[in-house]
Structures are given as structure tokens and as C-alpha cells.
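**Q**
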Amino acid sequence: MIKQPYIRWFEEIHKEDIPLVGGKGANLGELINGGVKVPPGFCVTAKAYSDFIAERNLDKYILELINGLDIENHEQLQITSAEIRNLILKTDILEPIDKEIREAYAQFQRNLQVDDLFVAVRSSATAEDLPEASFAGQQDTYLEIEGITEVIHHIKKCWASLWTARAIYYREKQHFDHFDVSLSAVVQKMVNSKKAGVLFTSNPITEDHNQMMINASWGLGESVVSGMVSPDEYIVDKRDNQVIEKHIATKNFLIVKNEKSVGTTKVAVKEFLGEDLVTQQCLTETEIDQLSTDALRIERLYNSPQDIEWAIDSDTDELYILQARPITTLKEEETTVIEQAQAESNRVSLLRGLAASPGTGSGKVRKIKDITEISKVEDGDILVTIMTNPDMMPAMKKAAAVVTNEGGRTCHAAIVSREFGIPCIVGSNNATDVLAEGMEVTVDATRGVVYQGILEDKQEETKNDRNIESSGTEQINLHQLAPITGTKVYMNLGEPDLIGKYKNLPFDGIGLMRTEFIFTHLVGAHPMYLLKNGEEKQFIDKMAEGITKVAQDIYPKPIVVRLSDFRSNEFRGLKGGEEVEPIEANPMIGWRGVSRYISPEYEEGFRLECRAIKKVRDEYGLVNVWTMLPFVRTTWEVERVKEIMAEEGLKQDQQFKIWIMAEVPSVIFQAEDFAQLVDGFSIGSNDLTQLILGSDRDSGILNTMGYFDERNPAVKQAIKMLIHAAHKHDKTVSICGQGPSLYPEFTEFLIQEGIDSVSINPDTVADTRRLVASVEQRLILNKLRSI
């Protein structure tokens, strides 16, 4: 039988086939041919990727984009990465490749005798998982994918993932030629696991070759690999498979199949499995023995220490090996540690965690929440965060040490820390609470202890010979000078062209992007009038253009786009508006917001808005764009508008969030019902105050008499009710308006009640951030004084 150039089944693959199917694919073939129980599947060869890039002339465009790229310029790196990935995603796949993938998937279904075949689509780079360089986490994996259309789409997403910002950065730092690295996509039967994790056949922390380390948690293994949970940890003696040490973690979350859409979802263990399993040991003694036995067999197969991902099927209880790769972080010499007796007698221990990468580092604490804040970390700082992930690599490279609340010692970021010799402690539970911003500490990541102060007898400088260049500190901006706040400070924006003026202000994202300016100045005509004249493309393109201008300038910070909230009298002012728009006696509380979107008279116009948003997210890869629905009155209208959005390709999931404005009192009274439909609320304090107090916000007389005031007890009570109801369902609450920047006592009230963010106009961003920081500090001090 003549082999197809673009498809290889696992049984046809061996470990020497890395140039053809990448490290992951080659290892899977070697395992299955070595008798290891591996979920079946096939690889779309690296030739498919390289032919696609070459024959579509994408290499020329990519070279133009990366030529002269400064990888230490985080913003430039992110923008270039997004452009390359979008270029790949929007380019049609070659017909011969498409044909072979379709035939292979159909054959796969026949082999397994199933109609509903769920698969994992995994990337396998041709330079990945080699002994000299771990590419762990640099490309993407997609789980619970069903149907040939979705499979092909996610294969292209794997190809595009070769050009994520972190992958580009990694290759540059490892001195790989970008086009010497190709990518194969692995299509593998999905294991619907009840428990899963990672196993190292040599202890990666102590480097003891007589010990194995197992990390395990509930559900799919992605929660362990990504560092989302602190997993159970077992140290096993390789000579008799006996557990010699174990740490049973509090496992709050698990990843499971998303029953409502493609892919997976994160759920709470106590709600999905029961509260008892949060702290219950994950693996039985029998499972540990079986897993250890299989791991030793794999180590003998490769004749080298292995990093193994595994899962136990929820239906059959069978153990499957999902992949294996060499451990790249074992070193020949042990790290010198601080003497225990001296540490105990002379040092103040602040916290303990799991030692993920040995070594010692001292410096000032820099706490970051996500990738948008990594520029805060400078050379020699101690990076402190809830959870490390590969996106934080630029900051990790600068840090003297890394300390996290969550994560296990085998998560991808821990592996990267060990490879680069960065001391790392994970799973401390409360590092972000205990370690204050700017505090000087010493991290002993060999024993997993953080000490107060810079220790004089520190044995080694972990940053020696890293040769990390400056990240452009000469371009200091307000972000670097602004105080750190737990409450996010978002910015309101109406005119897209102004983002260039304001993009360096210390904001965490756009909490309110108004579309009215886009309607009046870029589009210039009523959507229904354009539809009537067959000019709907003009609307979609112009609206997408305005949103794109802002989204790409602040990427990856979120931008929450409030869809149109014109009232009928304002819509009539647009070109063609008088032809299609009715006259209302009281448009302020008339046909506006969501009631307009779902009405037959405007639904097609709303669909144009949806298509513009989809164009921005899909064609330009700007997945930081979310939406907000204005002037919501009822739950049923939210349900209907979400149906319309889903029909237009805007399906609510972890990557695409839908917020609603909380400005009508009915949203307050039914907050828990609304919270189950949306991802967040933004309090429209002007309209909410107006409707609660029956006070026209535009009435000069009432305003001068003091009737219109967000600090009114009734308004504050409504806001308090909303925050508490939303947080019961883990939904975020923001507020857009000038109240937080005008009234310090109102800001204190909002923070005291737990508001997640405030969104204000650009001219008050810096002042409001300082105000929020001072309020947070005062609340912390008051709490400490009351203890």
C-alpha cells in the first residue's frame, strides 16, 4: 500500500521519525509499537504544514513580520504573533491535505466503530521534546473535538500555535531558526479520564534516579499540566514501587468535557464530584503500582528518564499513556543549599511550598495576576503570582525566583523554570496574600521556603550568565510607576483614534468601548438603511475597523464592547434613520438596548453588529474582544439575544465573554438569575440612579437640588445586592461612571463590598488608580488593626 504523504498512523511511526511527525508523534508511535497502552490515532505530518506554508507563500509574509522584531518588547511581540496566527487561520488549506485528513478521520471512525468520535488534537513540533531542549507548553492542545470540520479547524489552530508569542520568544532564546522548526498535528482518541496527571521517572527536584514523582488530580490532565490545580504528589521508590512520601493537596477544580459546546470546561470539584473529594487522595495503591510499573517499562524502552502524561478512563478504569518525552532538566551537579540549622536560628520564614526548581534567589516581590502585567517584573525581582504558565516566560527569565499559590512540580512552567535554572516554588497556597508588593525576600527553592529579607550568606546567584537584555526600561511609562491594585482599573473609550493617545495609561483593559462614535463617524448610516440598499458590508467592515484599532493596540488586555445603545431619536439622526426609525414620546425608556436587538424590526441590524465582532475575533485573531449588552430588562430577552449571537458564531465560552449592563432595577432584583446567563455585570450608575430614584439624569433642576447622586443609600443598597448575588455564582462586577473617581467614600464602599473593577474616563485613570490603591491599603490596615 502506497503511503499517503500527509498522514501516518501511530503503528507506522517510530522514534526516528521526528522530522516527519515531531517529537510527540514519534514518541507515541514508539510507545504503541513497544506494547504500551496508548489511545490510537494518526499524525498529520510536518510536510503538510511546510507544504501549506510554502505553497501559500506564507513564509515570505512571516519573514517580513518577524524581521527586526524585538522579542523583549512584549507589546510588539504579541501584535506580531497575532498577525502571523491570523494569517495562517484565514488561509485555505491545500486540497490534497484536506482530502487525506478527511479520509483518515473517516477510517478512524470505522476502525473504532463509532459515529460520535471525540479526539484530542495535539501539536508536535519537529524540535519539540528533544533531550537538548524542552518545548513543553510552547504549542497548543485541543481536547474533546468532534467532527471532521472541527478537526480540520483545530489542526490549523495547531499550526498557528507554532507562532504564539511564547513560542517565538522560546525559539529566539534557544537560537532555533524559526523555519527549521515545523509542526505535525496529532489526532488521538480522547480518553474521558476520571483522574489524570504527570509522572517523572527520576525525581526532578532532588535528581534522585532511584525515585519517581507522580502528580495526580481529578478529571482531565490539563488541570495538572497547566498548573491550574495543586495536585496530589507521590514520591515512589523505583526499586519496589512503594510510596515513600506523599502530599495530598486541596484540589478545588477539574477539567471536564464541555457538554454544551466544543472542547472542555473548568468546574468546581465539590459541585461536580462532591465536597469529600476536594481533599481526598486521588490515586489508590493499586493505581500507583500499575502506573509505576508502566513508567519503568517506558524508561527502559527509551533508556533515559521520562516525563509521562497519563490518564485513567472513567468508563473502563484502564490506564492510558498519553505521551512521553525525555526529562530535559536533570543536572549533573547538586545545588548548594543554605544550612538548615542556620536558617532556623537566624531567619524569619514567611511561607512554604513545593520546591519546583532548586536554587536560591533574593529580590523585591513583584506580584502579577496575568500576562498583561508581566512588564512589571524587572531583572532580579521575585515573581509572585497565583499560577505560573508558559505565557509568563519573558517575566520568568528576568526574575531571580518564582513563587506561586497554585500548580504542581510537574506543570509546564515548573519544567521551564528548571531548564533555565530559575528557582521556583509552587503550591504555596497563599503567596500572593503573605508576600507584599516590594517586600525584600530570599527564596530557597531547594527546600521550598521563602525567608524575610535579603540573606547575606546567600550561596549562589541564580541569575549569573543568563545574559538577559534590558526590556526597554528607557521607555518607562505610567504603567511602571502606577501603584498595584487588586481592583482592576479599566478605561472607558468612545473614539477609536484616541487609543494611541491613551494606550500607555495605567489601565487593565477597556471596560466600556462605546460603539456610538463608530456608528455616527465611521459607518455614518442606519444599519437597516444599509441593509435596505444592500450595503451591509460597509457596516461590518467599518465597525470591525474601529474595534480592531483599539483591540490590537491594547492586546492582550480585554476590551468590552458595548453593543449599540442609541435611543430611537438618536438613531433617526443617522443617514436613512428617518426612513426606518419610529418616533417615540419617551425614548429614554423606550425601544433601546436588547429589546431592539430581538425585535423583528431591528434583528437583522443587530446581526450585522455580531458579524463585525466575529470578523475582529476570527480574521484578526483579537480574542481579547468581549461584548456587553445594554439596557437589559428581562432574562428571557437575554436568552433570546444569546441565541441570535450564537447563530452568528458568537458562542459564549471561556474565550468569549458576554457581560450585561446593570442599569435597570429588574437586573438587581433578579441578579442571581441573570448571573447564570452571563459572565459579568457592568453597573451603569447613571441610568441605575435615574431609574431607582425616578430622577431624570438630564434634569438640571433635580441635579442642583441633589436628587441625582450615586451615593444615595437606595442606589448603594442595589449595588451591594448585585455584587453579592453575582459573586455567589463567581461572576464579575464592574462599574462604569465617574462616581469612583469623584467620591473617595463611594470608592471605599465599592471596594469594601468586593467590586471587581471600575471603568472610568481616560483623564481620571491615573488618579483613580492611586485612589483605589490607597483605599485598598487603608482597608487592609484597618483589618490588621482589628485583629
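Mind the numbering: the sequence shown is residues 1 to 787 in my numbering, read in order. Beta carbons: idealized from backbone N, C-alpha and C, even for Gly.
Taking the alpha carbon of LEU117 as the point to measure from, which residue in TYR105, SER774, LEU162, LEU20 has its own alpha carbon closest?
**A** It is TYR105.
**Q** Less than 7 Å between the beta carbons of GLY380 and ALA400, yes or no?
**A** In this structure, ALA400 lies closer than 7 Å to GLY380 by Cβ.
**Q** Determine the DSSP secondary structure at LEU784, reduced to helix, strand or coil.
**A** Reduced to three states, the DSSP call for LEU784 is helix.
**Q** Given GLU55, which residues of its chain have a CB within under 7 Å of its CB, disregarding the five upstream and five downstream residues?
**A** Hits under 7 Å: LEU94.
**Q** How would you call SER357, buried or exposed, if buried means at least 16 neighbouring beta carbons within 10 angstroms?
**A** Burial call: buried.
**Q** DSSP has ASP307 in a bridge; who is on the other side?
**A** In the DSSP output, where bridge partners are listed per residue, ASP307 has PHE200, ARG325.
**Q** PHE135 to LYS557, Cα distance in whole Å?
**A** The predicted position of PHE135 is uncertain, since its pLDDT is 44 and thus under 50; a value taken from the coordinates is nonetheless stated next. C-alpha separation (whole angstroms): 26 Å.
**Q** Could you have a look at VAL560 and say whether DSSP puts it in helix, strand or coil?
**A** DSSP places VAL560 in strand when its eight states are reduced to three.
**Q** Look up ASP237 in the DSSP assignment and say whether it is helix, strand or coil.
**A** Correct three-state label for ASP237: strand.
**Q** Suppose the cutoff is 7 Å on Cβ atoms and the five residues either side in sequence are ignored; what does the same chain contact list for ASP315 look like?
**A** So the list reads ASN192, once near-sequence residues are dropped.
**Q** Look up ASP653 in the DSSP assignment and say whether it is helix, strand or coil.
**A** It is coil, neither helix nor strand.
**Q** Tell me the DSSP bridge mates of GLN211?
**A** For GLN211, which the question treats as bridged, DSSP gives the partners ASP237.
**Q** Just list the beta strand (DSSP E) runs in the segment 150 to 189, keeping only unbroken ones of 3 residues or longer that don't cross its boundaries, in chain order.
**A** 183 to 189, all fully within the segment 150 to 189.
**Q** Just the Cα atoms here: how many angstroms apart are GLU776 and THR747?
**A** Rounded to whole angstroms, GLU776 to THR747 spans 10 Å at the Cα level.
**Q** Identify which residue in MET513, MET645, ILE62 has its Cα closest to the Cα of ARG85.
**A** Measuring from the Cα of ARG85, the nearest candidate turns out to be ILE62.
**Q** Put GLU437 into one of helix, strand or coil per three-state DSSP.
**A** Three-state result, GLU437: coil.
**Q** Whole angstroms are fine: how far does the CA of MET213 sit from the CA of THR335?
**A** Bear in mind that the predicted position of THR335 carries a pLDDT of just 33, short of 50, making it unreliable; the figure below should be weighed with that in mind. In a straight line, the C-alpha of THR335 is about 19 Å away from that of MET213.
**Q** Taking just the CA atoms, how far does ASP115 sit from ASP317?
**A** The straight-line gap from Cα to Cα measures roughly 22 Å.
**Q** Which ranges does the alpha helix (DSSP H) cover as unbroken runs of at least 4 residues, wholly within the segment 616 to 668, from first to last along the chain?
**A** Correct list: 635 to 647.
**Q** Tell me whether the segment 249 to 261 and the segment 288 to 303 touch, counting them as touching only if at least three CB pairs, one residue from each stretch, are closer than 8 Å.
**A** Judged by Cβ distances under 8 Å, the segment 249 to 261 makes no contact with the segment 288 to 303, as fewer than three pairs qualify.
**Q** If you follow the beta strand (DSSP E) that LYS364 is part of, which residue opens it and which one closes it?
**A** Per DSSP, LYS364 belongs to the beta strand (DSSP E) from 360 to 367.
**Q** Going along the chain, which residues of its own chain have a beta-carbon closer than 6 Å to the beta-carbon of LEU455, five neighbours each way excluded?
**A** Once the five neighbours on either side are set aside, the close Cβ partners of LEU455 are THR442.
**Q** GLU474 by DSSP, collapsed to three states: which one?
**A** With a pLDDT of 33 at GLU474, under the threshold of 50, the modelled position of that residue is not reliable, and the figure given next carries that caveat. In this structure, GLU474 counts as helix in the three-state DSSP scheme.
**Q** Whole-angstrom Cβ separation of PRO19 and THR126, contact assumed at under 8 Å?
**A** The pair is a contact, with the Cβ atoms about 6 Å apart (cut-off 8 Å).
**Q** Could you give the DSSP three-state label for GLN107: helix, strand or coil?
**A** In this structure, GLN107 counts as helix in the three-state DSSP scheme.
**Q** Given THR279, which residues of its chain have a CB within under 6 Å of its CB, disregarding the five upstream and five downstream residues?
**A** Closer than 6 Å at Cβ, skipping near neighbours: THR250.
**Q** Going by DSSP, which residues form a beta bridge with GLN717?
**A** Answer is none; GLN717 lacks a bridge partner.
**Q** Between PRO204 and ILE66, which are expected to be in contact by the criterion C-beta below 8 Å, what is the C-beta distance as a whole number of angstroms?
**A** Contact flag wrong, Cβ pair sits at about 33 Å.
**Q** Do the segment 511 to 523 and the segment 542 to 562 make contact, defined as three or more Cβ pairs closer than 8 Å?
**A** Judged by Cβ distances under 8 Å, the segment 511 to 523 makes contact with the segment 542 to 562, as three or more pairs qualify.
**Q** Give the DSSP-derived three-state secondary structure of ARG514 in the structure shown.
**A** DSSP places ARG514 in strand when its eight states are reduced to three.
**Q** Report buried or exposed for VAL225, applying the criterion of at least 16 other Cβ atoms within 10 angstroms of its Cβ.
**A** The residue is buried, with at least 16 neighbouring Cβ atoms inside 10 Å.
**Q** Going by C-alpha distance, which of ALA324, GLN654, PHE52, LEU608 is nearest LYS647?
**A** One detail in the question is off: residue 647 reads as Glu in this sequence, not Lys. If we check each option's Cα against that of GLU647, LEU608 comes out closest.
**Q** Rounded to the nearest angstrom, what separates ARG572 and GLU581 at their Cα positions?
**A** When rounded, the distance between both Cα atoms is 6 Å.
**Q** Would you list the one or two residues that DSSP bridges to VAL426?
**A** Partner(s): LEU354.
**Q** Compare the Cα-Cα distances from VAL765 to each of VAL187, PHE631, PHE669, LEU493 and report the closest residue.
**A** The option with the nearest alpha carbon to VAL765 is LEU493.
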